[in-house]
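K.L.:
Can you keep this structure in mind? I'll have questions shortly.
Residue numbers (our numbering), protein chains in the order written: chain A, 1 to 491; chain B, 1 to 236.
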């Protein structure tokens, strides 16, 4: 099965998955309404998006220089900077650090870069005890799943799924304990993860931003798990990618103002931590070593392409929260680390076009993702570019014939108009007296999950022609009325 | 070729275009940006529209309104001398203490906190140093408060060990009202003034208690860090 046919099959599964559909139904009331409120509260939200876009573009246009400045300042602060061209290289660097530290237990806070390079799996293969400490990531880990959203990894799970997996996985706890409310489950997870925090030898976090002027990393969480991950073990590893660098703190604040508002609708994330190097001589707590890994993994290719604006992304997830396709199928169906519109734009560059270029087809091109993106990434045009590239890939005979037929039609206006007329009349006939068609013959995939609106009036081109005709008549009437007034006023 | 060189040369190749400014011009742009960071409009004028008119209030009023939204408690005291008693009252009313009726608080070596008249208050036992697993209450002093979002700015070090704000279930933060500023930008300036321009190991911006929405989409406090954050506000 190719990645494309797998995608088609996974979409069908997701649409028929009733619990998933119920979980996804909450997205509009949660993240979408939250962002709307947060946006209304910040008078300068829209101008700030343009400021943020320009900051990211400036940083990307001088990426080599800011990375060098970051490296130099981070090194002065006592951090060790590592460069990794591929995911495999980054994993090897982390493995070496963990082995050198004689580590057994490793805590991890949520990092999409680590998902991208499958770091947890690599560390587990090397017999390390690795535990995700972001609650959502922990749930995904103990259920042997992948995250289905970049900021809410367990958004596909219901509370009862969590209670189930806790009873199965936390076998040492009393079997008759109460796990009826989110509070009870969170208290249980807190206890289990607290032991891991206290016994960890290495803590791995991501970074939301790197600040060139001071060699600092900025890390945000709502749970405070990144702070416990980095403060308690002897070694802190910051795994991040080369696109995260911004010039100065002045450049970071506008991005942070937009990040939480766009992501969860909070004005600011509960914990925003600026890390500059390891423990100082007079510090009672904090790690003795601070390693920063800068990963490329396909980003320099994006930088060289017309799709460079994708690298502006600050990973807020607003594009997927507002995407009608994501909200219908959830994150797993994409079978990609980054789902939704940003996934369709980014994943083909990271995982290879043959693996992921078809994701761009999972878009209605409605453009809501672009409207909410805090850094104004032109997601629709990027997805369109991936669609053109995907055309070069092998397709089924049926898809080839249909695309070929469509291309011929579109190039012959008279035949196109004739066919469109027939189609509009047949659809109207199918709809009968109703305004919607519940089931289309031959194309039932279209109507399995939604109705098709029946055409009102003629074809689009006929209606357009009528409109233009009426406007021309009105204009002529206006001109003659004006002439009449002018002649009246002549003495 | 090392990974470093390979990545940097790939970036340079990617950025190399006919319309590209010269290497010197790019280096100058970067040096200038770092030497004189831009003041992005509207950094200083940033205000949040608030239906209750909080934006019209003073900095302190806005700061308190934001803390209330976050579910954080505010303990206002008239003078420095009142801080220990106010803190003891808060602990007695809000934190379940041990059988001896003695609540143990943990704090660092902060000179301001150490100089408070603790002996005037009974019912509090004070432990010094970084937080330990069994600690229930951590007390820290913040360098600044940000009115924009009710954010507290703390720095790492022996004075206020970072773990105090993350391991105990209750975190009490002492802040002078004069240290409340409008924006993160100004709070960073206060911080650098306090440390003599040196970046501490961590700057911790804390906005309410630890929280998660990962189970059933419901926001629950106390995911890993404190369930409860209280701010003791005092005026000189």
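Glycine included, each C-beta is placed from N, C-alpha and C at the ideal position.
Computed from a predicted structure; not experimentally measured.
Comparing C-alpha positions only, which one of A:401, A:359, A:400 sits nearest to residue 386 of chain A?
P.N.:
Here residue 386 of chain A corresponds to residue number 386 of the first chain, with the count starting at 1. The candidate whose alpha carbon is nearest that of residue 386 of chain A is A:359.
K.L.:
Determine the direct distance from the alpha carbon of residue 211 of chain B to that of residue 49 of chain A, and round the result to whole angstroms.
P.N.:
Counting from one through the first chain, the residue named residue 49 of chain A turns up at place 49. Counting from one through the second chain, the residue named residue 211 of chain B turns up at place 211. Each residue's Cα considered, the two are about 27 Å apart.
K.L.:
DSSP three-state call for residue 266 of chain A: helix, strand or coil?
P.N.:
Residue numbering aside, residue 266 of chain A sits at position 266 when the first chain is read from its first letter. Three-state result, residue 266 of chain A: coil.
K.L.:
Just to confirm the assignment: which complete beta strand (DSSP E) runs, minimum length 3, are found wholly within the stretch 151–226 of chain A?
P.N.:
The qualifying runs are 202–205, 209–211, 216–221.
K.L.:
Under three-state DSSP, which class holds residue 320 of chain A?
P.N.:
Taking the first chain and counting its residues from 1, one reaches residue 320 of chain A at position 320. Helix at residue 320 of chain A.
K.L.:
Identify which residue in A:190, A:66, A:23 has its Cα closest to the Cα of residue 33 of chain B.
P.N.:
Position 33 of the second chain, counted from the first residue, corresponds to residue 33 of chain B. Of A:190, A:66, A:23, the residue nearest in Cα terms is A:66.
K.L.:
If you draw a straight line from the alpha carbon of residue 85 of chain B to that of residue 74 of chain A, how long is it in whole angstroms?
P.N.:
Numbered from its first residue, the second chain carries residue 85 of chain B at position 85. Numbered from its first residue, the first chain carries residue 74 of chain A at position 74. Near 43 Å, if we compare the C-alpha coordinates of residue 74 of chain A and residue 85 of chain B.
K.L.:
Need the endpoints of the alpha helix (DSSP H) that residue 114 of chain B sits in, please.
P.N.:
Position 114 of the second chain, counting from 1, holds the residue named residue 114 of chain B. Per DSSP, residue 114 of chain B belongs to the alpha helix (DSSP H) from 111–114.
K.L.:
Rounded to whole angstroms, what is the Cα-Cα separation between residue 78 of chain A and residue 151 of chain B?
P.N.:
To locate residue 78 of chain A, count along the first chain from 1; it is residue 78. To locate residue 151 of chain B, count along the second chain from 1; it is residue 151. Each residue's alpha carbon lies about 28 Å from the other.
K.L.:
For a minimum of 4 consecutive residues, which ranges assigned as the alpha helix (DSSP H) are wholly contained in the stretch 69–104 of chain B?
P.N.:
Runs found: 83–94.
K.L.:
How about residue 567 of chain A: is its C-beta nearer than 9 Å to some C-beta of chain B?
P.N.:
Absent from the model: residue 567 of chain A. The displayed extent of chain A is 1 to 491, so no value can be given.
K.L.:
Which chain B residues are close to residue 185 of chain A, counting only those with a beta carbon under 8 Å from its beta carbon?
P.N.:
In the first chain, residue 185 of chain A corresponds to position 185, counting from 1. Correct list: 215.
K.L.:
Nearest-angstrom Cα distance between residue 10 of chain A and residue 339 of chain A?
P.N.:
Sequence index remark: in the first chain, residue 10 of chain A carries index 10 (1-based). Sequence index remark: in the first chain, residue 339 of chain A carries index 339 (1-based). Cα-Cα distance, rounded: 13 Å.
K.L.:
Listing by chain order, which chain A residues have their CB less than 7 Å from the CB of residue 218 of chain B?
P.N.:
Counting from one through the second chain, the residue named residue 218 of chain B turns up at place 218. By Cβ distance, chain A contributes 182.
K.L.:
Count the other C-beta atoms from every protein chain shown that fall within 10 angstroms of the C-beta of residue 401 of chain A, then say buried if there are 16 or more, exposed otherwise.
P.N.:
Along the first chain, read from residue 1 onward, the residue named residue 401 of chain A stands at position 401. With fewer than 16 other Cβ atoms within 10 Å, it is exposed.
K.L.:
Using 10 angstroms around the beta-carbon of residue 449 of chain A, count the other beta-carbons present and answer buried if the total reaches 16, otherwise exposed.
P.N.:
As a working note, residue 449 of chain A is residue 449 in the first chain. Label assigned to residue 449 of chain A: exposed.
K.L.:
For residue 167 of chain B, decide whether its Cβ has a neighbour in chain A, counting only Cβ atoms nearer than 9 Å.
P.N.:
What you label residue 167 of chain B is simply residue 167 of the second chain in a count that begins at 1. With 9 Å as the cut-off, residue 167 of chain B counts as an interface residue toward chain A.
K.L.:
Please tell me whether residue 425 of chain A and residue 53 of chain A are closer than 9 Å, where the distance is taken between their beta carbons.
P.N.:
As a working note, residue 425 of chain A is residue 425 in the first chain. As a working note, residue 53 of chain A is residue 53 in the first chain. Taking 9 Å as the Cβ cut-off, residue 425 of chain A and residue 53 of chain A do not qualify as a contacting pair.
K.L.:
In terms of residue numbering, what span does the alpha helix (DSSP H) encompassing residue 190 of chain B cover?
P.N.:
Position 190 of the second chain holds residue 190 of chain B. Counting along the chain, the alpha helix (DSSP H) containing residue 190 of chain B begins and ends at 184–195.
K.L.:
In or out: residue 234 of chain B buried (at least 16 other Cβ within 10 Å) or exposed?
P.N.:
The residue given as residue 234 of chain B occupies position 234 in the second chain. When all chains shown are included, residue 234 of chain B counts as buried.
K.L.:
Identify each residue in the stretch 202–219 of chain A for which the Cβ-Cβ distance to at least one residue of chain B is less than 8 Å, and report them in chain order.
P.N.:
Cβ contacts with chain B: 212, 213, 214, 216.
K.L.:
What residues in the stretch 11–34 of chain B bring their beta carbon closer than 8 Å to a beta carbon of chain A?
P.N.:
Listed in sequence order: 11, 12, 13, 14, 15, 26, 27, 29, 30, 33, 34.
K.L.:
Exposed or buried, residue 509 of chain A, counting other C-beta atoms within 10 Å across all chains shown (16 or more means buried)?
P.N.:
Nothing about residue 509 of chain A can be read from this structure; chain A reaches only from 1 to 491.
K.L.:
Give, in chain order, every unbroken run of the alpha helix (DSSP H) that is at least 4 residues long and sits entirely within the stretch 335–411 of chain A.
P.N.:
DSSP runs (the alpha helix (DSSP H)) wholly in the stretch 335–411 of chain A: 340–351, 353–356, 368–372, 379–390, 397–410.
K.L.:
Name the one or two DSSP bridge partners that residue 291 of chain A has.
P.N.:
Numbered from 1 along the first chain, position 291 holds the residue referred to as residue 291 of chain A. In DSSP, residue 291 of chain A forms a bridge with A:80, A:237.
K.L.:
Indicate the three-state DSSP secondary structure (helix, strand or coil) for residue 116 of chain A in the structure shown.
P.N.:
Locating residue 116 of chain A in the first chain gives position 116, counting from the first residue. In this structure, residue 116 of chain A counts as helix in the three-state DSSP scheme.
K.L.:
Straight-line CA distance for residue 471 of chain A to residue 365 of chain A?
P.N.:
Taking the first residue of the first chain as 1, we reach residue 471 of chain A at position 471. Taking the first residue of the first chain as 1, we reach residue 365 of chain A at position 365. In a straight line, the C-alpha of residue 471 of chain A is about 30 Å away from that of residue 365 of chain A.
K.L.:
How would you list, in chain order, the residues of chain B whose beta-carbon sits under 8 Å from the beta-carbon of residue 349 of chain A?
P.N.:
Taking the first chain and counting its residues from 1, the one referred to as residue 349 of chain A is at position 349. Simply none; closest approach about 12 Å.
K.L.:
Helix, strand or coil for residue 243 of chain B per DSSP?
P.N.:
The structure shown does not extend to residue 243 of chain B, since chain B is modelled only from 1 to 236, so the question has no answer here.
K.L.:
Using beta-carbon positions only, say whether residue 87 of chain B and residue 229 of chain B come within less than 9 Å of one another.
P.N.:
Taking the first residue of the second chain as position 1, residue 87 of chain B is located at position 87. Taking the first residue of the second chain as position 1, residue 229 of chain B is located at position 229. Going by C-beta atoms, residue 87 of chain B is not nearer than 9 Å to residue 229 of chain B.
K.L.:
Within a Cβ cutoff of 8 Å, which residues of the same chain sit near residue 202 of chain B, ignoring the five residues on either side of it in sequence?
P.N.:
By one-based count along the second chain, residue 202 of chain B stands at place 202. Counting only Cβ-Cβ distances below 8 Å, and skipping sequence neighbours, we find 155, 156, 162.
K.L.:
May I ask which residues mark the beginning and end of the beta strand (DSSP E) holding residue 171 of chain B?
P.N.:
On the second chain, residue 171 of chain B is found 171 positions in, with the first residue counted as 1. Residue 171 of chain B -> beta strand (DSSP E) spans 170–176.
K.L.:
Helix, strand or coil: how does DSSP classify residue 132 of chain A here?
P.N.:
For the purposes of this step, residue 132 of chain A is taken as the residue at position 132 of the first chain. Reduced to three states, the DSSP call for residue 132 of chain A is strand.
K.L.:
Which residues of the stretch 139–163 of chain B have a Cβ closer than 7 Å to any Cβ of chain A? Give them in chain order.
P.N.:
Of all residues in the stretch 139–163 of chain B, 149, 151, 156, 157, 158, 161, 162, 163 have a Cβ within less than 7 Å of some Cβ in chain A.
K.L.:
May I ask which residues mark the beginning and end of the beta strand (DSSP E) holding residue 125 of chain B?
P.N.:
The residue labelled residue 125 of chain B in the question sits at position 125 within the second chain. That run of the beta strand (DSSP E) goes 124–128.
K.L.:
Quick check on residue 396 of chain A: buried or exposed, where buried means 16 or more other Cβ atoms within 10 Å of its Cβ?
P.N.:
One-based indexing of the first chain puts residue 396 of chain A at position 396. Exposed: under 16 other Cβ atoms inside 10 Å.
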